[in-house]
Every structure is written in C-alpha cells, then in structure tokens.
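Read the structure below first, then the notes.
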Amino acid sequence: MKTANGHQIIELFEQFSPKHYAMEGDPIGLHIGSLNKPVSKVMIALDVLEEVVDEAIENGVELIIAHHPLIYRPLKKIDTTSTAGRIVEKLIKHDIAVYAAHTNLDVAKGGVNDLLAEALQLQQTEVLAPTHEITLKKLVVFVPVEAEDQVREALGKAGAGAIGNYSNCSFSAEGTGRFLPGEGSEPAIGTQGTLESVSEVRIETIFPENIEKKSAVSYD
C-alpha cells in the first residue's frame, strides 16, 4: 500500500483550501496528533464524532480531515468518562491525527458554498462578504539562458504567475550580466580579478504573498 507523509497530504489539500481563506478566529488546522508520519489511509468527515473515530480505528486510518473543528474552544479539562474526553483519548491512543478545514473550505473555489449553490441550482451568485484578500508581490530573477524554461516551470508549479483564469504568466528579456570575482571568491564562471560577461535572461512574474515561503527547485 502506498503511503505519503502527512505534511505532503495537507500541503496538497491546502492548495485547494488555503488556511488564509478562513475567517478570523476560526480554529482550523491540526487539532490532534502529528503530520510528521507516514499516512496510508485518510478519512473525510463532517464532524469528529465518537462513531467516526471508532470507524477510523477499525479501518486503520492515520489522518482524519474534518469540516467542523474538533476543538472549537480551548479545553479546560480532558475527562475520559465524557464523550469529548473519550474521543481525544482514542485519537491519541491510536495515533490518529485530526485536521480541520472549516470556513476556508466553505469559501474555496469548488468548496462547500459552491457545491450547495450548485445543488440548489442557483443561477446568479456573488460574494456577500470577503473573508480574505490576496496580496500580490513581484518577483524578478536573472538566470542563465539555458535555464530559463526550467526556472519558469518551477515558478509556475510553485503558484507564481496566476492571473485570473490564466497561469504561468511571466515576462522575459535577454541581456548581459556582468560581475567581477573578488579575492576569496570561487566563481563557477570566470576567474578572480577578471570582469566576466554572461548571457542571462531576466524573468518577471507575480505571486500571492501566502506562497512566499515556498522554495523552487534548483536548476543546477
């Protein structure tokens, strides 16, 4: 049976339903357990009820992705004679992680609200109140000519260059880069003390602020 790391599964899920879509104060994300483990079975649930947890245990599930948060308000105590306490106890005992996607899943494109509107056959829909704003930033990089396609592809896969219904949007311009390797440098091209000229491509694109920490694969 194929397995994936829990972080990999949630990273993929959050591409569809980003956490920053959620309303302020909504307790989304990881509630119980750890994502730093192999996961071969995932359960999708509306609520993390005791019967849901029992079914997860019976089927060897390692991760539950729920719509409604398991812990909406901070717990003052965990009494294992109560229903809530038994749920927490079973999840921890059987090493089952719980991840909640609530209002961020409601407003995601193709999410809960869109599905409800489709089921009700609503013809004209519009946003009543935005829950998030997307801040765009500009990225400019200079790369060797032979690496242009690979770098643009990596940027696109990371989510850069998305404008409306278009993806992988960018602008490129060829030019000449110059540098003078100084004492103590170890230039990959050229030699110390000699001004070097290299054909390069300037790539410009935009990206949403929330993916700023994502890294692109090296083209080396």
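Start counting the sequence shown at 1; every next residue gets the next number (full-length UniProt numbering).
Even for Gly, the Cβ is constructed at its ideal location relative to N, Cα and C.
Keep in mind it's a predicted model, so treat the numbers as computed, not measured.
Residue pairing from DSSP places Ser197 in a beta bridge opposite Arg178.
The Cβ-Cβ distance between Ala100 and Ile65 falls below 9 Å. For Pro74 against Ile28, the beta-carbon gap comes to about 15 Å, at or over 8 Å, which does not count as contact. Setting aside the 5 residues that flank it on each side, Leu91 is surrounded in the same chain by Ile32, Gly33, Val53, Val98, each with a C-beta closer than 7 Å to its C-beta; the list follows chain order.
Residue environment analysis places Val88 among the buried positions, since at least 16 neighbouring C-beta atoms fall within 10 angstroms of its C-beta. In the same chain as His7, and ignoring 5 residues on each side of it, the C-beta atoms closer than 8 Å to its own belong to Leu35, Asn36, in chain order. In this chain, the alpha helix (DSSP H) harbouring Ala119 covers 112-119. Annotation: the continuous beta strand (DSSP E) that includes His31 extends over 29-32. Less than 9 Å separates the beta-carbon of Pro208 from that of Ala162.
Look at Asn104 here: in three-state DSSP terms it is helix. Where Ala84 is concerned, the enclosing alpha helix (DSSP H) starts and stops at 83-93.
Within the same chain, His68 come within 6 Å of Asp47 by CB-CB distance, once the 5 residues on both sides are set aside. A straight line joining the alpha-carbon of Arg152 with that of Ile206 spans about 12 Å. Here the alpha carbons of Ala119 and Gly110 stand approximately 12 Å from one another. In the three-state reduction of the DSSP assignment, Val127 falls in the coil class, being assigned neither a helical nor a strand state.
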